[in-house]
Amino acid sequence: MNISLFIIAIFLVLALYLGIKARKGKDMDMEQFAVGGRGFGTFFIFLLIAGEIYTTFTFLGGSGWAYSKGAAAYYVPAYIFLAYVLSYWLVPKIWRYSKQHSIISQPDYFASKYSSRSMGMLVAVLGSLALVPYIVIQLKGLGIIVSEASYGAISPVAASIIGAIVVTTYVMISGIHGSAWTAILKDFMILVVVIFLGIYIPFHYFGGIQPMFETVQSAKPEMLILADQGLSQSWFISTVLLNALGFYLLPQTFMVVLSSNGERTLRKNAIALPLYTLLLLFVFFIGFAAIMEIPGLQGADGDLSLLRLAIQTFDPWVIGLIGAAGLLTALVPASVMLMAASVGLTNSFYKVLVPAANEKQQLIVSRLIIIGISIIALIVTVTGGEALAILNIMSYSLITQLAPALFCSLPKSNIINKYGAIAGIFAGVLIVLYATISGVKIATFLPNIPHVINDISTGVIALLINIIVTFIVSGLTKNITIHGKQMNNMNKSNIS
Amino acid sequence: MNAIKLLLWVPFIGFLVFLPYANKIEPYILGMPFLLFWVAFWMVMASVILMIVYKFDPDNKGSDLE
Chain A
56 MNISLFIIAI
66 FLVLALYLGI
76 KARKGKDMDM
86 EQFAVGGRGF
96 GTFFIFLLIA
106 GEIYTTFTFL
116 GGSGWAYSKG
126 AAAYYVPAYI
136 FLAYVLSYWL
146 VPKIWRYSKQ
156 HSIISQPDYF
166 ASKYSSRSMG
176 MLVAVLGSLA
186 LVPYIVIQLK
196 GLGIIVSEAS
206 YGAISPVAAS
216 IIGAIVVTTY
226 VMISGIHGSA
236 WTAILKDFMI
246 LVVVIFLGIY
256 IPFHYFGGIQ
266 PMFETVQSAK
276 PEMLILADQG
286 LSQSWFISTV
296 LLNALGFYLL
306 PQTFMVVLSS
316 NGERTLRKNA
326 IALPLYTLLL
336 LFVFFIGFAA
346 IMEIPGLQGA
356 DGDLSLLRLA
366 IQTFDPWVIG
376 LIGAAGLLTA
386 LVPASVMLMA
396 ASVGLTNSFY
406 KVLVPAANEK
416 QQLIVSRLII
426 IGISIIALIV
436 TVTGGEALAI
446 LNIMSYSLIT
456 QLAPALFCSL
466 PKSNIINKYG
476 AIAGIFAGVL
486 IVLYATISGV
496 KIATFLPNIP
506 HVINDISTGV
516 IALLINIIVT
526 FIVSGLTKNI
536 TIHGKQMNNM
546 NKSNIS
Chain B
15 MNAIKLLLWV
25 PFIGFLVFLP
35 YANKIEPYIL
45 GMPFLLFWVA
55 FWMVMASVIL
65 MIVYKFDPDN
75 KGSDLE
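Chains as they are written, first to last, in this note's numbering: chain A, 56 to 551; chain B, 15 to 80.
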């Protein structure tokens, strides 16, 4: 075992220890397991929400995008900080309703708001469909990081399997508490590693940050601005808006919101979190430095730019610490994602099928589902394939189709009903699936359309159609609803 | 919805509407090409604006526990 692998192994054991110890002193019921008894204050909520953005995608993909696509990579921090601005207004409303109705997962929220179990099931399935690719990306990223950082002493597949076992173990034991405790270790490590690398590398190779950018400018100026077409400004703006809207609709982020101990905690977090996205600038610096220092990484290999450049620059023990930070950026988000998917499925399917199930039985089922999802994610990780890349692109576009149903559910009287919401979601999801799998863009149908419009994210177009369908179907079915359960909710809106 | 929350629109409009004018390399500011600086500037501004909103938002007065 070399020194890097040894350091990574120590951090893995430490994460497992913290993750298991987190359970101590908690009487585990579903609420405690899923949302920490709604007891997390500003500090833990900060770490958990921040944890959802500093994933292996940020670590590998952030530098990888800067390396292979240049300024287009800025879309990541851009949508994240705008999502936090939106969250100030949005998430306290979700938290308040969920607290009043003892809701512990996203599908429950929709099921309760629309008094519809079908709605809950639809949201649970859609959420899991969006989550599995995310978990796979974490496991895959973990494999790559540990394998590269250990100089190939351990294979990516073996690393992914070990990582999956560790994260599954502590999530099953401690629930979200395990995620919160390991998040402390993770954020400390990632802060130190990213800031150090982001400053050291530009100074070491170029004598500063501005000299580095000037070198890139003289060799490849197109990397520093948005392109005229393809990943253009209209792509950037539409993607940023879509993802900002979708950020708190991701089941794992939604769940973290519910684990807060109050509305004010969430608002305070909204203030601090945009500053935390500044950390991504350092990740970009590393990617831009790699353009000049280690050219020639093609396609997906661009994601290796950070690790390859680090290996070329530092001694093995530093690489071990980078590998450990990378490992933690996979474990923490993956743990919350596993929780979110399993609790959502337990509540919308198991509880419906077996209404008499007590807390203990629900916990057992949740844990079994966690194992099930881990195994599915591992199989996909190992077998890989085209389907994963497609699902990954779709995750945000898919989950954002819940936005009309969410936003309409916020006011006291909902102007749409469950039929409209479900029809709209189906319409949006089908368009996303069709467009992504067949690769069509607007220009396929209207070849003369300007690039400004053609580059608009498919998710945005699906969302517009979703909204139209939602309102039309809600209008057509309002007479059905008015005789139904939601009579009280609907009365006011039908007048207007 | 209280009026102070309307300030939340500012980062969206400020950042995205003026993006076409910020899509350039020069001038460099704080060592960064202009476009990257523009992104970073609005991250900080978002935080500042949220702090102002938080301070004047009547929802944050009184007890947190309803």
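Note that CB positions come from ideal geometry on N, CA and C, so glycine has one too. Quick caveat: nothing in here was measured; it's all calculated off a predicted structure.
In whole angstroms, what is the alpha-carbon distance linking Asn472 of chain A and Ser529 of chain A? 5 Å
Spatial neighbours of Val398 of chain A within its chain, please: CB distance less than 8 Å, with the 5 preceding and 5 following residues excluded, ordered by chain position. Met85, Phe88, Ala89, Ile159, Ser160, Met310 and Ser421
By the three-class DSSP mapping on this structure, what secondary structure does Met57 of chain B have? helix
Just checking: is the beta-carbon of Ala55 of chain B within a distance shorter than 8 Å of some beta-carbon in chain A? One point to set straight first is that residue 55 of chain B is Phe, not Ala, in the sequence displayed. By this cut-off, Phe55 of chain B is not an interface position.
With 16 as the cutoff for other CB atoms within 10 Å, does Pro329 of chain A come out buried or exposed? buried
Where do the N-terminal and C-terminal ends of the alpha helix (DSSP H) with Met174 of chain A fall, by residue? Arg172 to Ala204
Measure from the C-beta of Gly28 of chain B to each C-beta in chain A and report whether the shortest distance is under 8 Å. no
May I ask which residues mark the beginning and end of the alpha helix (DSSP H) holding Phe29 of chain B? Trp23 to Val31
Assigned secondary structure, Met392 of chain A (DSSP; H/G/I helix, E/B strand, else coil): helix
Using 8 Å as the Cβ pair cut-off and three pairs as the minimum, do the region 427-437 of chain A and the region 273-287 of chain A touch? no
Using a cut-off of 8 Å between C-beta atoms, extract the partners of Trp144 of chain A located in chain B. Lys19 and Leu22
Going by C-alpha distance, which of A:Phe481, A:Ser464, A:Leu240 and A:Thr436 is nearest Val212 of chain A? A:Thr436
8 Å Cβ cutoff, Asn74 of chain B in contact with chain A: yes
Cβ pair Val312 of chain A, Trp150 of chain A closer than 8 Å: yes
Would you list the residues sitting across from Met46 of chain B in a DSSP beta bridge? B:Ile43
Which value, in whole angstroms, describes the spacing of the CA atoms of Ala490 of chain A and Thr513 of chain A? 7 Å
Any C-beta of chain B within less than 9 Å: which residues of the region 286-314 of chain A qualify? Gln288, Phe291, Ile292, Val295, Leu296 and Ala299
Once the 5 residues before and after Ala185 of chain A are set aside, which same chain residues still bring their CB inside 6 Å of it? Ser450, Leu453 and Ile454
From the beta carbon of Asn16 of chain B, is the nearest beta carbon of chain A less than 8 Å away? no
Pair within 8 Å by beta-carbon distance, Leu321 of chain A and Val146 of chain A: yes
Taking DSSP's pairing of strands, which residues face Ser315 of chain A in a bridge? A:Phe95
For Thr270 of chain A and Ala133 of chain A, the rounded distance between their alpha carbons: 25 Å
Mind checking the region 113-142 of chain A against chain B and listing, in chain order, the residues whose C-beta falls within less than 8 Å of any C-beta there? Ala126, Tyr129, Pro132, Ala133, Phe136, Leu137, Tyr139, Val140 and Leu141
Looking at Tyr139 of chain A and Ala60 of chain B, is the spacing between their C-beta atoms short of 8 Å? yes
Which two residues bound the contiguous alpha helix (DSSP H) that contains Glu86 of chain A? Met85 to Val90
So that I know if they touch, is there some Cβ in chain B lying closer than 8 Å to that of Leu281 of chain A? yes
Please report the Cβ distance between Gly475 of chain A and Phe337 of chain A, rounded to the nearest whole angstrom; I am assuming they are in contact, meaning their Cβ atoms lie under 8 Å. Wrong, their Cβ atoms sit about 45 Å apart, outside the cutoff.
Check the Cβ-Cβ distances between Gly91 of chain A and every residue of chain B, and say whether any is below 8 Å. no
Quick one, which residues of the region 261-280 of chain A are near chain B if we go by CB-CB under 9 Å, in chain order? Gly263, Ile264, Gln265, Pro266, Met267, Phe268, Glu269, Val271, Gln272, Pro276, Leu279 and Ile280
Just grab the DSSP bridge partners of Ala282 of chain A for me. A:Ser287
Quick one: list the residues of chain A neighbouring Pro41 of chain B, beta-carbon separation under 9 Å, in chain order. Near Pro41 of chain B there are no residues of chain A at all, since even the closest Cβ is about 11 Å away, more than 9 Å.
Report yes or no: is there a C-beta of chain A within less than 8 Å of the C-beta of Tyr35 of chain B? no
Does Leu79 of chain B have its Cβ less than 8 Å from a Cβ in chain A? Note on Leu79 of chain B: pLDDT 47, under 50, position unreliable in the model; the coordinate value appears next. Cβ-Cβ to chain A under 8 Å: yes for Leu79 of chain B.
Please say whether Ile425 of chain A and Thr173 of chain A have beta carbons closer to each other than 8 Å? Thr is not the amino acid found at residue 173 of chain A; the sequence shown has Ser there. No.
If you check the beta carbons only, do Val391 of chain A and Leu181 of chain A fall under 8 Å apart? no
Please report the straight-line C-alpha distance between Asp510 of chain A and His259 of chain A, rounded to a whole angstrom. 38 Å
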